[in-house]
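Visitor: The structure that follows is given in the form of structure tokens.
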């Protein structure tokens, strides 16, 4: 049976391939063990290019206020963390984590020959290759290929997995809710496809392998939905998109999922216009949500086995634009959150505003150095298999 005839003769022809979700690839989830005695990584991506200078504010730097006469956050507003830098005033809960010694702030993080395009810069961060090279696999996907037996080793709380989680052998599972996944696959259209997938007519021409994967996905989703009882929240999370995602991450960790990496995106940081309102709101949401996550994991005894990385694909230009916003920049700050950091606090000096890279903050630390440290020192594996360039340890983790 040819592919077109196969599709036409099944319910798949009625709905089209649009309804085949991204997470179908590589879903060999059956076999989750009820163990939590291993280290976990939670990645929070601030999508759109978060403005690092209005997140970690250099309140004693006159150049900051000269270049941002409207956007600059007043000295008396900031939450001071040392005699030079302060947090955005909306990050009250995050400030508590910082004071508790759970946060390392790394300034001027980027890469050589930076790119101001959202898509290209995010690809570079996801793949961890040089900016003039391209890759179809992500750094976490390559880690999964080398060190993980199943795709459930990594979960993204979204409708599809990011490039960072794509490997050659398998892709991470992208899932919004385990019960929603199973209910979707119980839909009549998918039931018909699953039944048809048992046909001897299946071959590479009609993509039978895809439908066989669908059967595996169905079994895996059923296992997730019925075998595991997802624990309720052990404290209240913000009723926001990010808060709900991080609440699910906490539930999955505390429920015994043998997943090493959880990936979450917090969208909306492309602040070309009226930045203060939008960024302040997003940072407040981040602050409250990540604080709730840390408290939940601490309460359940999971925090000492969990590391949280927060990054954005680039920072913003130092000088404000004419629309009360900022345009795409280059280097930025990132956060590493954990219970036993070797160097908590502000890791390195604030970015120079007098020696700019074409109006942008110059990078001092390659983001791949952070990735390498996570692989080498957190997971205890050899980063040379994953990251093409070698780095000395930053001594944070």
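In this note's numbering, the protein residues as written are 1183 to 1579. Yeah, the Cβ is synthetic: ideal placement off N, Cα and C, and Gly gets one too. Predicted model only: the values in this text are computed from it and were never measured.
(1) Between which two residues does the alpha helix (DSSP H) harbouring residue 1329 extend?
(2) What are the complete alpha helix (DSSP H) segments, minimum 4 residues, inside the region 1223–1300?
(3) Pull up the distance between the alpha-carbon of residue 1303 and that of residue 1297, whole angstroms please.
(4) Once DSSP output is grouped into helix, strand and coil, what is the label at residue 1516?
(5) What does the alpha-carbon distance come out to for the pair residue 1486 and residue 1427?
(6) Since I believe residue 1516 is in contact with residue 1225 (beta carbons under 8 Å), could you give me their beta-carbon distance rounded to a whole number of angstroms?
(7) Considering Cα atoms alone, identify which of 1320, 1300, 1301, 1299 is closest to residue 1309.
(8) Would you say residue 1539 and residue 1513 are within 9 Å of each other, going by their C-beta atoms?
(9) Starting from residue 1493 and walking both ways along the beta strand (DSSP E), at which residues does that stretch end?
(10) Please name the residue or residues paired with residue 1356 in a DSSP beta bridge.
(11) Out of curiosity, what's the CA-to-CA distance linking residue 1409 and residue 1345?
(12) Out of 1541, 1537, 1420, state which residue places its alpha-carbon closest to the alpha-carbon of residue 1470.
(13) Specify whether the region 1487–1503 and the region 1228–1240 touch according to this definition: at least 3 beta carbon pairs, one from each stretch, less than 8 Å apart.
(14) Measure the alpha-carbon distance for residue 1270 versus residue 1356 and round it to whole angstroms.
(15) What's the C-alpha gap between residue 1448 and residue 1465?
(16) Residue 1337 and residue 1220: beta carbons closer than 9 Å?
(17) Starting from residue 1500, trace the alpha helix (DSSP H) both ways and give me its first and last residue.
(18) What first and last residue would you give for the beta strand (DSSP E) that runs through residue 1447?
(19) Is the separation between the beta-carbon of residue 1239 and that of residue 1279 shorter than 9 Å?
(20) Express the C-alpha separation of residue 1575 and residue 1256 in angstroms, rounding to a whole number.
(21) Can you give me the C-alpha to C-alpha distance between residue 1353 and residue 1488, rounded to a whole angstrom?
(22) Using DSSP bridges, identify the partner residues of residue 1527.
(23) Judging by CA-CA distance, which residue of 1568, 1509, 1476 is the nearest neighbour of residue 1518?
(24) Do you know how far the Cα of residue 1548 is from the Cα of residue 1293?
(25) Given that a residue counts as buried once 16 or more other Cβ atoms are within 10 Å of its Cβ, and exposed if not, what is residue 1567?
(26) With a threshold of 16 other CB atoms inside 10 Å of the CB of residue 1305, please say whether the residue is buried or exposed.
(27) For residue 1308, which of helix, strand or coil comes out of DSSP?
(28) DSSP puts residue 1454 in a beta bridge; with which residues?
(29) So, are the CB atoms of residue 1347 and residue 1455 less than 9 Å apart?
(30) Who does residue 1547 pair with in a DSSP beta bridge?
(31) Buried or exposed: residue 1324, going by 16 or more other Cβ atoms within 10 Å of its Cβ?
(32) How long is the line joining the alpha carbons of residue 1511 and residue 1424, rounded to whole angstroms?
(33) Taking the alpha helix (DSSP H) that residue 1429 falls in, what are its first and last residues?
(34) Tell me the DSSP bridge mates of residue 1509?
(35) Rounding to the nearest angstrom, what Cα-Cα distance links residue 1453 and residue 1533 in this structure?
(36) Does the Cβ-Cβ distance between residue 1578 and residue 1521 come in under 9 Å?
Guide: Let's see:
(1) Taking the first residue of the chain shown as 1, we reach residue 1329 at position 147. Counting along the chain, the alpha helix (DSSP H) containing residue 1329 begins and ends at 1321–1329.
(2) 1244–1249, 1274–1281
(3) Numbered from its first residue, the chain shown carries residue 1303 at position 121. Numbered from its first residue, the chain shown carries residue 1297 at position 115. Looking at the two C-alpha atoms, the distance is approximately 6 Å.
(4) One-based indexing of the chain shown puts residue 1516 at position 334. Residue 1516: strand per DSSP, three-state reduction.
(5) In the chain shown, counting from the first residue as 1, residue 1486 sits at position 304. In the chain shown, counting from the first residue as 1, residue 1427 sits at position 245. Whole-angstrom Cα-Cα distance: 21 Å.
(6) Along the chain shown, one-based indexing puts residue 1225 at 43. Along the chain shown, one-based indexing puts residue 1516 at 334. No, residue 1225 and residue 1516 are not in contact; Cβ-Cβ is about 11 Å, not under 8 Å.
(7) Here residue 1309 refers to the residue found at position 127 of the chain shown. It is 1320.
(8) Numbered from 1 along the chain shown, position 357 holds the residue referred to as residue 1539. Numbered from 1 along the chain shown, position 331 holds the residue referred to as residue 1513. Contact: yes.
(9) Within the chain shown, numbered from 1, the residue matching residue 1493 stands at position 311. Run containing residue 1493: 1488–1493, per the beta strand (DSSP E) assignment.
(10) Position 174 of the chain shown, counted from the start, is the residue given in the question as residue 1356. Per DSSP, 1338.
(11) Translated into positions along the chain shown, residue 1409 becomes position 227. Translated into positions along the chain shown, residue 1345 becomes position 163. Residue placement at residue 1409 cannot be trusted, given a pLDDT of 48 that sits under 50; the coordinates are not used to answer.
(12) As a first step, residue 1470 must be located in the chain shown, where it is residue number 288. Here the closest residue by C-alpha is 1420.
(13) yes
(14) Position 88 of the chain shown, counting from 1, holds the residue named residue 1270. Position 174 of the chain shown, counting from 1, holds the residue named residue 1356. Cα to Cα, the separation comes out at about 32 Å.
(15) Residue numbering aside, residue 1448 sits at position 266 when the chain shown is read from its first letter. Residue numbering aside, residue 1465 sits at position 283 when the chain shown is read from its first letter. Distance between the alpha carbons of residue 1448 and residue 1465: 10 Å.
(16) As a first step, residue 1337 is located in the chain shown; it is residue number 155 there, counting from the start. As a first step, residue 1220 is located in the chain shown; it is residue number 38 there, counting from the start. No, the pair does not count as a contact, with Cβ atoms beyond the cut-off.
(17) In the chain shown, counting from the first residue as 1, residue 1500 sits at position 318. Taken as a continuous stretch (DSSP letters only), residue 1500 belongs to no alpha helix (DSSP H), as it is neither H nor E.
(18) Here the question's residue 1447 lines up with position 265 in the chain shown. Looking at the DSSP string, the run of the beta strand (DSSP E) that includes residue 1447 is 1443–1449.
(19) To locate residue 1239, count along the chain shown from 1; it is residue 57. To locate residue 1279, count along the chain shown from 1; it is residue 97. The answer is no: Cβ separation not under 9 Å.
(20) As a working mapping, residue 1256 is identified with position 74 in the chain shown. As a working mapping, residue 1575 is identified with position 393 in the chain shown. Cα to Cα, the separation comes out at about 36 Å.
(21) Along the chain shown, one-based indexing puts residue 1353 at 171. Along the chain shown, one-based indexing puts residue 1488 at 306. If I take the Cα positions, the gap works out to 22 Å.
(22) For this step, residue 1527 is matched to residue 345 along the chain shown. Looking at the DSSP assignment, residue 1527 forms a beta bridge with 1286.
(23) As a working mapping, residue 1518 is identified with position 336 in the chain shown. Checking every option, the nearest Cα to that of residue 1518 belongs to 1476.
(24) Numbered from its first residue, the chain shown carries residue 1293 at position 111. Numbered from its first residue, the chain shown carries residue 1548 at position 366. Spanning the two alpha carbons is a distance of roughly 5 Å.
(25) Taking the chain shown and counting its residues from 1, one reaches residue 1567 at position 385. Exposed: under 16 other Cβ atoms inside 10 Å.
(26) Against the chain shown, residue 1305 aligns to sequence position 123. Label assigned to residue 1305: buried.
(27) On the chain shown, position 126 is the one that residue 1308 refers to. Looking at residue 1308 - three-state DSSP - the assignment turns out to be helix.
(28) Taking the chain shown and counting its residues from 1, one reaches residue 1454 at position 272. Bridge partners of residue 1454: none, in fact.
(29) By one-based count along the chain shown, residue 1347 stands at place 165. By one-based count along the chain shown, residue 1455 stands at place 273. Cβ atoms of residue 1347 and residue 1455: not closer than 9 Å.
(30) Within the chain shown, the letter at position 365 stands for residue 1547. Answer is 1291.
(31) Counted from its first residue, the chain shown places residue 1324 at position 142. The residue in question, residue 1324, is buried, as its Cβ has 16 or more Cβ neighbours within 10 Å.
(32) Along the chain shown, one-based indexing puts residue 1511 at 329. Along the chain shown, one-based indexing puts residue 1424 at 242. Rounded to the nearest angstrom, the two C-alpha atoms are 25 Å apart.
(33) Taking the first residue of the chain shown as 1, we reach residue 1429 at position 247. Start and end: 1423–1436.
(34) Here residue 1509 corresponds to residue number 327 of the chain shown, with the count starting at 1. None, per the DSSP bridge assignment.
(35) Taking the first residue of the chain shown as position 1, residue 1453 is located at position 271. Taking the first residue of the chain shown as position 1, residue 1533 is located at position 351. Approximately 20 Å, taken between the alpha carbons.
(36) One-based indexing of the chain shown puts residue 1578 at position 396. One-based indexing of the chain shown puts residue 1521 at position 339. Going by C-beta atoms, residue 1578 is not nearer than 9 Å to residue 1521.
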